[in-house]
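Visitor: Below are the structure tokens for one structure; questions will follow.
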Amino acid sequence: MVETKSDQFLRIKDVSTAFKINGQYYDAVSDVSLEVNHDEILAIVGESGCGKSTLATTIMGLHDPEETKISGEIDFEGTDLLKLDEKGYNQIRGAKIGMIFQDPLSALNPLKRIEDQIQEVMVYHTKMDEKQRHARVIELLNEVGIVDPERTAHQFPHQLSGGMRQRIIIAIAIACKPDLIIADEPTTALDVTIQAQILDVLRDIQKENHAGIILITHDLGVVAETADRVAVMYAGQIVETGSAAQIFNEPKHPYTRSLLRSMPQRDNENDDLYVISGMVPSLQKMPKDGDRFAPRIPWIPVSAHEAHPTMHELEPGHMVRCTCYQNFYFPDQVKEGAGNESN
Amino acid sequence: MWKTILRRILIMIPELIILSILVFLLAKAMPGDPFTGSINPRASQAQIHHLMQIHGLYDPWYQQYWNWVVHLFHGDLGMSYEYQEPVVDLIKQRGANTLWLALFTMVLTYLIGLPLGIYAGRHEGKFQDTLVRVYTYVTMSIPFFVVLVIGIWIFGYALNWFPTSGSISAQASGLGETLISRLGHIILPGLLGALFGTVNIVQYLRSEVIDAKHSDYVRTARSKGVPMKDIYRHHIFRNSLLPIAAFAGYSITGLLGGSIFTEMVFSYPGMGLLFLNAINYRDYTVITALVLLYGFLNLMGTLLSDIALSIVDPRVRVE
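From first to last, the protein sequence lines are chains A and B. Under full-length UniProt numbering, the first residue of the first sequence carries the number 1, and numbering increases by one thereafter. Under full-length UniProt numbering, the first residue of the second sequence carries the number 1, and numbering increases by one thereafter.
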């Protein structure tokens with residue numbers, strides 16, 4: 001559906017990010033391929049530890065090159081980000097790609113006024129003078145829904161609430177009208193009413209700037225509300241991608257289906273939520289080959305999994321890893337052809 | 001801000017009063033008296049009695065205390081029994097000597113410690129970092145009096161670069177000569193004190209820089225496209241200074257108390273030696289004056305630290 005626009009300006013191809021642990025490298029993200037288009041919100045979902053944030057910081061080039069090994073290709077508007085040096089990256093970060101961080105409490109420098117922290121990004125990427133920058137700060141603060149911009153601009157982070165701080169972080173990320181905004185769990189630290197407001201702000205900004213947004217979250221509610229396309233990540237790999245409608249209406253991969261089933265439903269009389277047994281394996285214990293999700297659905301026979309799971313296209317835009325989805329069922333439900341029960 | 005400072009100073013008054021009473025009583029409670037050791041050994045018990053009476057040492061403590069307080073407010077801290085000199089004058093001379101040495105040592109300490117701490121933190125885990133850490137461990141593990149003795153032996157006697165005792169040369173005359181002579185006397189003890197006293201600053205700063213380097217706000221700054229060297233200047237450095245600012249006030253007043261080791265080894269007539277001798281000779285007037293002064297300096301130290309901290313950290317500013 002969104003593919004029709006087809007001006008992909010971010011193409012991630014076979015990107016792996018490995019961390020050095022005790023002298024050995026372990027993949028936190030392995031062979032991830034994704035595209036993001038203008039005017040699109042791509043949500044990356046998955047449990048904690050599945051590599052979502054690592055992927056984000058890889059795109060931003062925030063990893064210490066001595067502790068990480070990154071391979072693949074990140075084509076952003078014609079440049080391969082992974083080939084850039086620190087200086088080249090600094091011209092893209094903040095200007096072309098903005099990042100919104102998870103924890104608004106610690107993401108701001110406690111010793112600097114809000115105004116200075118927002119202005120900083122303009123100092124490095126624009127030729128505006130102090131007066132213009134100030135005007136832009138006020139404009140930005142209005143845009144992200146700060147009620148008294150002049151006052152807030154002059155305040156320090158500790159004088160603001162969590163929701164306000166997250167708005168400031170957003171203001172910093174969008175200050176130079178970047179083409180791509182990476183939002184890493186932007187609403188996780190906030191309460192529900194503030195969450196909705198922040199998501200509204202994000203959507204408004206996107207419409208205005210025609211930016212592409214990568215929204216990283218583990219909250220499927222947020223995804224359903226905002227995303228155009230969804231990529232489901234498990235243990236460093238993409239296991240399923242598709243439009244939001246495809247993912248929510250016809251989830252295929254066992255992991256996607258388990259995630260959706262573990263979401264609270266309003267019309268569900270039963271109070272018990274589905275729980276995916278086990279947890280994401282740690283980096284050192286990651287299986288080298290085979291379906292990485294297999295250990296968490298032990299009732300599915302090994303023969304149902306591919307030996308080297310690859311992505312299969314089911315419909316245009318809807319891809320799923322491994323063929324095990326064809327034989328998947330939940331243990332508490334009678335085995336009947338794949339993908340029949342709704343979540 | 002000014003209101004806070006004023007309030008803090010007002011709180012200091014009752015603290016000082018209580019401290020002065022305690023100090024006064026404790027000094028009195030020490031065994032011995034100021035005359036037994038100093039007077040002609042053939043002096044009779046009756047004569048000592050007489051002296052004690054003249055000096056009011058048989059009066060009840062509150063009367064003695066009150067006398068002392070009244071005199072204190074007239075700028076009179078009494079006579080030193082040992083030196084037969086007004087205590088105020090004693091403290092003035094010794095205090096000036098100590099002030100010179102303390103300021104010199106402190107400036108040097110920060111000049112050495114701040115860059116080293118930042119340098120080590122910046123190169124965390126690398127060769128440069130190890131070098132700095134070895135330096136701090138070595139300076140911390142060698143007892144300071146050993147350092148002083150070896151220092152005085154090498155630079156004072158063997159090389160004969162610096163004078164080995166006193167605070168000023170007896171021959172010095174005129175302003176220029178006096179200054180140079182004074183400086184000459186504090187270079188060696190000051191330098192040794194600084195070189196071997198940086199461990200706190202270096203280690204604190206190093207770990208603060210490392211913390212700050214991995215903090216979220218630095219990641220935010222990087223995501224803005226700020227080059228690392230500017231991040232150090234604008235974000236890391238100031239945040240790392242917080243604990244240093246927090247104990248800067250104490251370290252200033254601590255140094256003003258004088259270093260007994262340094263003053264002993266260099267026979268430098270400062271506050272530390274004065275205090276030590278006063279205790280040895282039961283020089284009550286000097287002891288009470290000095291302890292009260294140290295108490296006052298400590299209170300000033302906390303105040304200074306608070307002010308310094310509130311300058312760097314908006315979170316502790318009281319609106």
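Note that CB positions come from ideal geometry on N, CA and C, so glycine has one too. This structure is a prediction, so every number in the text was calculated from the model and none was measured.
1) Just grab the DSSP bridge partners of ALA18 (chain A) for me.
2) Within 9 Å of any Cβ in chain B, is that where the Cβ of TYR89 (chain A) sits?
3) Hey, is HIS158 (chain A)'s beta-carbon within less than 9 Å of any beta-carbon in chain B?
4) Return the CA-CA distance between THR58 (chain A) and VAL36 (chain A), expressed in angstroms with no decimal places.
5) Can you find a CB in chain A that lies within less than 9 Å of the CB of ASN239 (chain B)?
6) Output the boundary residues of the alpha helix (DSSP H) element that contains LEU180 (chain A).
7) Kindly indicate which residue of A:ILE170, A:LEU215 and A:PRO157 has the alpha-carbon position closest to the one of ASP39 (chain A).
8) Name, going along the chain, the residues of the stretch 306 to 319 of chain B whose beta-carbon falls closer than 8 Å to a beta-carbon of chain A.
9) Let me check understanding here. Comparing Cα to Cα, which of A:ILE169, A:GLN24 and A:LYS96 lies closest to GLU185 (chain A)?
10) Taking beta-carbon pairs under 8 Å, can you tell me which members of the stretch 202 to 232 of chain A lie near chain B?
11) Where in the stretch 199 to 231 of chain A do unbroken runs of the alpha helix (DSSP H), each at least 4 residues long, occur, reported from the N-terminal end onward?
12) Taking the straight line between their C-alpha atoms, what separation do you get for GLY337 (chain A) and GLN326 (chain A)?
13) Closest to GLU67 (chain A) by C-alpha separation, out of A:ALA18, A:ARG113 and A:LYS127, would be which residue?
14) Look up MET228 (chain B) in the DSSP assignment and say whether it is helix, strand or coil.
15) By the three-class DSSP mapping on this structure, what secondary structure does GLN237 (chain A) have?
16) Note down, in chain order, every chain B residue with its Cβ under 8 Å from the Cβ of ASP103 (chain A).
17) According to DSSP, what are the bridge partners of GLY242 (chain A)?
18) Give a yes or no on whether 9 Å exceeds the smallest Cβ distance from PRO86 (chain B) to chain A.
19) Out of A:GLY61, A:ALA95 and A:ASP103, which one is the CA nearest neighbour of LYS83 (chain A)?
20) Could you compute how far the alpha carbon of LEU159 (chain B) sits from the alpha carbon of GLY151 (chain B)?
21) Indicate the three-state DSSP secondary structure (helix, strand or coil) for ASN160 (chain B) in the structure shown.
22) Starting from LEU273 (chain A), follow the alpha helix (DSSP H) in both directions and report where the run begins and ends.
23) Tell me which residues of the stretch 221 to 233 of chain B have at least one Cβ-Cβ distance to chain A shorter than 9 Å, keeping chain order.
24) For ASP200 (chain A), does the count of other Cβ atoms within 10 angstroms reach 16, so buried, or fall short, so exposed?
25) So, for PHE9 (chain A): in the same chain, excluding its five sequence neighbours on each side, which residues have a beta-carbon less than 8 Å away from its beta-carbon?
26) For HIS218 (chain A), tell me which candidate among A:HIS253, A:LEU260 and A:GLN206 has the shortest Cα-Cα distance.
27) So who's on the other strand from ARG11 (chain A), going by DSSP bridges?
28) Give me, in chain order, the residues of the same chain whose beta-carbon lies closer than 8 Å to that of ASP59 (chain B); leave out the 5 immediate sequence neighbours on both sides.
29) Counting only Cβ pairs nearer than 7 Å, list the residues of chain B close to MET60 (chain A).
30) If you draw a straight line from the C-alpha of VAL123 (chain A) to the C-alpha of THR220 (chain B), how long is it?
31) Here's the rule I'm using: 16 or more other beta-carbon atoms within 10 Å means buried, otherwise exposed. How should ASP89 (chain B) be labelled?
32) How would you write the range of the beta strand (DSSP E) that LEU42 (chain A) sits in, first residue to last?
33) Candidates A:TYR25, A:GLN159, A:GLY236 and A:GLU150: which alpha carbon is nearest PRO65 (chain A)'s?
34) So TYR25 (chain A) contacts chain B; which residues on that side make the cut at Cβ distance below 8 Å?
35) In this structure, what does DSSP give as the bridge partners for residue 332 (chain B)?
36) In chain order, what residues of the stretch 99 to 126 of chain A put their CB closer than 7 Å to some CB of chain B?
Guide: Taking the geometry as given:
1) Assignment of beta-bridge partners to ALA18 (chain A) by DSSP yields A:ASP27 and A:LYS69.
2) Taking Cβ atoms only, chain B reaches closer than 9 Å to TYR89 (chain A), which makes this a yes.
3) Taking Cβ atoms only, chain B reaches closer than 9 Å to HIS158 (chain A), which makes this a yes.
4) Cα to Cα, THR58 (chain A) sits roughly 15 Å from VAL36 (chain A).
5) Judged by the 9 Å Cβ criterion, ASN239 (chain B) is in contact with chain A.
6) No alpha helix (DSSP H) contains LEU180 (chain A), which is instead part of the beta strand (DSSP E) from 180 to 184.
7) If we check each option's Cα against that of ASP39 (chain A), A:LEU215 comes out closest.
8) Listed by position, the residues of the stretch 306 to 319 of chain B near chain A (Cβ gap below 8 Å) are VAL312, ASP313, PRO314 and ARG315.
9) If we check each option's Cα against that of GLU185 (chain A), A:ILE169 comes out closest.
10) Taking 8 Å as the Cβ-Cβ cut-off against chain B, none of the residues of the stretch 202 to 232 of chain A qualify.
11) Qualifying alpha helix (DSSP H) stretches, in chain order: 220 to 226.
12) Since pLDDT at GLY337 (chain A) reaches only 48, below the 50 mark, its modelled position is unreliable, and the value read off the structure follows with that caveat. Their backbone Cα atoms lie some 7 Å apart in a straight line.
13) Comparing Cα-Cα distances from GLU67 (chain A) to each of A:ALA18, A:ARG113 and A:LYS127, the minimum goes to A:ALA18.
14) The answer is helix: DSSP assigns MET228 (chain B) an H, G or I state.
15) Residue state for GLN237 (chain A) is assigned as strand, using DSSP reduced to three classes.
16) The contacting residues are ASP216.
17) BP columns for GLY242 (chain A) point to A:VAL230.
18) For PRO86 (chain B), the closest Cβ of chain A is not nearer than 9 Å.
19) Nearest C-alpha to LYS83 (chain A): A:GLY61.
20) Distance between the alpha carbons of LEU159 (chain B) and GLY151 (chain B) is about 10 Å.
21) DSSP places ASN160 (chain B) in the coil class of the three-state scheme, outside both helix and strand.
22) First-last for LEU273 (chain A): undefined, no H or E at that position.
23) Taking 9 Å as the Cβ-Cβ cut-off, the stretch 221 to 233 of chain B approaches chain A at ALA221, ARG222, SER223, LYS224, GLY225, VAL226, PRO227, MET228 and ASP230, given in chain order.
24) ASP200 (chain A) is classed as exposed because its beta carbon has fewer than 16 other beta carbons within 10 Å across all chains shown.
25) These residues qualify, in order along the chain: VAL36, ASN37, HIS38, PHE76, GLU77, ASP179, LEU180 and GLY212.
26) The candidate whose alpha carbon is nearest that of HIS218 (chain A) is A:LEU260.
27) Per the DSSP secondary-structure output, ARG11 (chain A) pairs in a beta bridge with A:GLU35 and A:ASP75.
28) Answer for ASP59 (chain B): ASN67, listed in chain order.
29) Correct list: SER223.
30) A straight-line Cα-Cα distance of about 15 Å links VAL123 (chain A) and THR220 (chain B).
31) Burial state of ASP89 (chain B) is exposed, judged by a 10 Å Cβ sphere holding fewer than 16 other Cβ atoms.
32) Where LEU42 (chain A) is concerned, the enclosing beta strand (DSSP E) stretches over 41 to 45.
33) When each option's Cα is compared against that of PRO65 (chain A), the closest is A:TYR25.
34) Result: empty, since nearest Cβ-Cβ is about 18 Å, beyond 8 Å.
35) Because chain B spans 1 through 319 in this model, residue 332 (chain B) falls outside it and cannot be assessed.
36) Cβ contacts with chain B come from MET99, PHE101, ASP103, SER106, ALA107, LEU108, ASN109, PRO110, LEU111, GLU120, VAL121, TYR124 and HIS125.
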